[in-house]
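Keeping their order, the protein sequence lines are chains A and B.
Residues are numbered in the working numbering as their position in the first sequence, beginning at 1, plus a constant of 1019.
Residues are numbered in the working numbering as their position in the second sequence, beginning at 1, plus a constant of 274.
C-beta: ideal position from N, C-alpha, C; glycine also.
Please read these numbers as outputs of a predicted model, since none were measured by experiment.
Have a look at the structure below before the remarks.
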Amino acid sequence: METAGALAAGSDRPFRNGWFERQTFWPAVAIVLLVLAVVAIPTWLNHAIAEPTSTVAEGDTATLKTDDDHQVVVEPIPGWERIDSPPDQLQLRNGKATVTVRVAESADNLDRYFRRLIRQLRTSGVQVLPGTPSKTDAGFSGLTGMVVDDGKSGDLSVLANGEAMVTLQSLVPPDQADQLNPQITTMVNSLRVP
Amino acid sequence: MATGITERRDVVPPLARTIQGRVFWQPRKWTFWAYVGLVIASTVPWFGIAFYPAGALPWGVTAVSVAATAALGVLLVLLIRSLDVHRGIPAPLLVAAFVWGALVATGWAVVANDQVFGVASKVLGAATGARWEASISAPVVEESLKAIGTATVLLIGREFVRRPAHGMFIGAFCGLGFQLVEDVLYAVQSAFSPDASSDAAAVAPVIGGRTLTALDSHWLYSAVTGLALGYALTRRDRSWPRRLLVAAALFLVAWWMHFLSDSPIPGGALGIVTKTVLNLLLGFVVYRIAMRAEWRHYAATVDGEPDEIISRAEVESMRTHRGRRRVRKRYRRHGGKPAKRAARQLQRAQLELANDLETDPAAAARTRAAILNLRSRLPGARAD
C-alpha cells in the first residue's frame, strides 16, 4: 500500500537519489547473485573435474549394447584416449580429434534414420553433407556423409548389419587428417556383430 | 434485481482491483529491476537453445505440441485457482511468477542442467550418471531457479503477500510456467530424435505422458517451495529460527518430490503410477495443512464482525467450496436462481472483506455496506 500511495502522490522525481526503496537493494543483489550461482557453480565444477579416461591398448575390444540388447563389437584405436561413456557408446579422443560410435535402438529404416540424424545434428550447429553408400570389411553397409564442426571435419556414417545398426562420427583437425583418418578407417572395418 | 458481475462491480469496489496496476509495477524497488533484468537476460540462454533448431523446426508437430500444452495449461490454471479457496492474491503477481518460470527458470535450467549432467557422469561414471542425472540435477537446479523467482515476486508484491498460502499459489504459477515450456521443449526435442519413425510418432508419447503425469509436476513442487517462502516471509509472529526451519523442511519436501518423480527407480508404468500417487498424497497433506491455516487466519480476521456482516455459520461455510455450495443451494431452494446468484456475490464480498480488513479500512467499510445491501436481497437474514 505504501508503494502504491507513494507512487500516486508522485512526490519525488523518478530515478533520483533516494527515489528507490533502499531496503530492496540487497535482496535484489542477492537474487541476481543466486541465479548466477545456480549456473556458475555447476559450470565451474564441470570444468574443474577431469573426464575419466583410459588409454586404449593394442588388442582391446569394446562391446556396445542398447537396453534392448542390440550389440556390436569394435576394436578401438590403440593409443587413443577412451572417454568413459554410457554402454551404448564408445568415445575416443586424440588431441582435438574425436570419434564416437553408438549403437542405434532400431534398425528398421537406415535411410530415414540417416536423414533424421543429419537434421538432429544441424540443430546443434553441425553441418553434414548428404551421404553416399558405404561398406565395411565385416559386412556392415549404409550411408556415409561429410561432417564439419568447429573447424574440424570427418565422416558421419550409419551402418547396419542385420539387426544391428551403428552411427559413427569422426571429427579431425585438417593438420591431423592424413595421420588419423587411416586409423579411423581401420576401426570402422573392425565393427562386427558378436 | 440486476444480475451477475455487473451488479457486483456496482456494489463492491474491491481494493485489489482498484490498485492492481501497481501491484507488480514497482519501479521504486530494486527487486523489480532485478526481475526485469533477469527476464531480459534469459534471452541469452534462449538464443542458444533456439538458434539452430529454429531453422529445422517441424512446424506441424510444434504447433500441435503448443496447442495441446496450452489446453493443459488452461486446465491447470483452473485447477490451481479453484484450490485457492480464499483468493486475495492479485493476478499480476501470478502472471509475473508464471513468466519467470516460463522464461528465466527454464532458460538457465537448460544451461545448468547440462553442466550438472557432465559432473554426474564424471563423478558417478557414465552409465550410472546417465541413469541418475535427471533426478540429481533437476531438483537442485530447477527447484532453486523457481524458488528464486517465487521469492523475487513475493518481494516485489510484498505489501500484497500476507499469508503463507499466497506464497504457495505464486509458487504454483511459477512452476506452471516452467512445466508448460518444458513440455513444449521436450516435445520438440523428441521430434528431432533419429530413432523415431516420424516427428508425430516421437512427439505423441511425450505430450501424452507429460499430460498424464501433469498433476505430479513442477506446479506442485513449486507450490510447496512457495509455501516455504511464504511462511518465512509472512509469519512474523514466529521466531526467525522457526520460520527458517519450517521453510527448509518444506523446501526439502519439494526437493524430495521432484527427486522421486525423476528417479529411475521404481521403473516401468507401475513405478510411475506409484511415484505419482506418493507425490500427490504428499502434496495433498501439505495443501490441507496450508489451507487449514488459511481458514484459521480468515476466521480470526473477520472474528469481530457482527452477524449481519458474517455469522459464525457463514464463517464455517467459507472453509471449502463444498460448504459455500451448500449455502447457495439452500438459498436457491428458498428464492430460486436470483437468490443463489446473490448468495454467491455475498460470499465473494465476505471473502473480500478479510482482505480489505488487512489492507484498507476504507475499502472494508465499503465492502461491509455492500454485504448489507446483498443480504437485504436474500430470503431470510442468514445462511444458518
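Based on the DSSP output, what are the partners of residue i in its beta bridges?
i	result
Met1165/A	Asp1174/A
Arg606/B	For Arg606/B, which the question treats as bridged, DSSP gives no partner whatsoever.
Asn1113/A	Ala1116/A
Glu1100/A	Thr1074/A, Arg1112/A
Thr633/B	BP columns for Thr633/B are empty, so no partner.
Leu1083/A	Val1091/A
Pro1152/A	Leu1162/A
Ala1179/A	Ser1160/A, Met1184/A
Arg1121/A	Gln1108/A, Thr1186/A
Val1147/A	Val1166/A
Val1191/A	Ser1172/A
Where does residue i sit, in a helix, a strand or coil, going by DSSP?
i	result
Gln665/B	This structure cannot settle anything about residue 665/B, because the visible part of chain B is limited to 275 through 658.
Pro364/B	coil
Glu1040/A	strand
Val1185/A	strand
Asn1128/A	coil
Arg649/B	helix
Val659/B	Lying outside 275 to 658, the shown extent of chain B, residue 659/B is not represented and no answer is given.
Leu1210/A	coil
Arg598/B	helix
Lys396/B	helix
Ser316/B	coil
Ala623/B	helix
Glu417/B	helix
Measure the Cβ-Cβ separation of residue i and residue j and say whether it is below 8 Å.
i	j	result
Pro572/B	His360/B	It should be noted that the sequence gives Tyr, not Pro, for residue 572/B. Result yes, Cβ atoms of Tyr572/B and His360/B sit closer than 8 Å.
Ile354/B	Ala446/B	yes
Cys448/B	Trp530/B	no
Leu312/B	Val378/B	yes
Gln624/B	Glu588/B	yes
Tyr309/B	Ala370/B	yes
Ser418/B	Asp536/B	no
Pro465/B	Ala476/B	Rather than Pro, the amino acid found at residue 465/B in this sequence is Ala. A contact, by the Cβ cut-off of 8 Å.
Thr1163/A	Ser1153/A	yes
Gly431/B	Gly504/B	no
Arg1101/A	Val1118/A	no
Val415/B	Leu1064/A	no
Ile444/B	Leu368/B	yes
Leu1187/A	Val1207/A	yes
Val1177/A	Leu1136/A	yes
Ser339/B	Val462/B	yes
Leu648/B	Ala616/B	yes
Leu518/B	Gly347/B	no
For chain A, is any of its Cβ atoms less than 8 Å away from the one on residue i?
i	result
Leu503/B	no
Leu627/B	no
Thr317/B	no
Ala308/B	yes
Leu631/B	no
Lys303/B	yes
Val458/B	no
Ser418/B	yes
Tyr495/B	no
Ala386/B	yes
Pro327/B	yes
Ala506/B	no
Ala522/B	no
When you compare the CB of residue i with every CB in chain B, is at least one pair closer than 8 Å?
i	result
Arg1141/A	yes
Glu1094/A	no
Trp1099/A	no
Arg1138/A	yes
Gly1170/A	no
Asp1103/A	yes
Phe1044/A	yes
Arg1135/A	yes
Ala1116/A	no
Ile1050/A	yes
Glu1040/A	yes
Glu1124/A	yes
Gly1037/A	no
Pro1213/A	no
Pro1033/A	yes
Residues from the region 589 to 623 of chain B in contact with chain A, defined by Cβ distance under 8 Å: none
Near-chain A residues of the region 388 to 416 of chain B - C-beta to any C-beta below 9 Å: Asp388, Gln389, Val390, Phe391, Gly392, Val393, Ser395, Lys396, Val397, Gly399, Ala400, Ala401, Gly403, Ala404, Arg405, Ser411, Val414, Val415
Members of the region 1060 to 1077 of chain A that neighbour chain B once the beta carbon cut-off is set at 8 Å: Within the region 1060 to 1077 of chain A, Pro1061, Thr1062, Leu1064, Asn1065, Ile1068, Ala1069, Glu1070, Pro1071 place their CB atoms closer than 8 Å to a CB of chain B, listed in sequence order.
Near-chain A residues of the region 358 to 381 of chain B (beta-carbon distance less than 7 Å), N- to C-terminal order: none
Selection of the region 454 to 485 of chain B by Cβ proximity to chain A, strictly under 8 Å: Phe466, Ser467, Pro468, Asp469, Ala470, Ser471
Contact set between the region 417 to 443 of chain B and chain A, restricted to residues whose Cβ is under 8 Å from the partner: Ser418, Leu419, Ile422, Ala425, Thr426, Leu429, Glu433
Contacting positions in the region 523 to 544 of chain B - beta carbon closer than 9 Å to chain A: none
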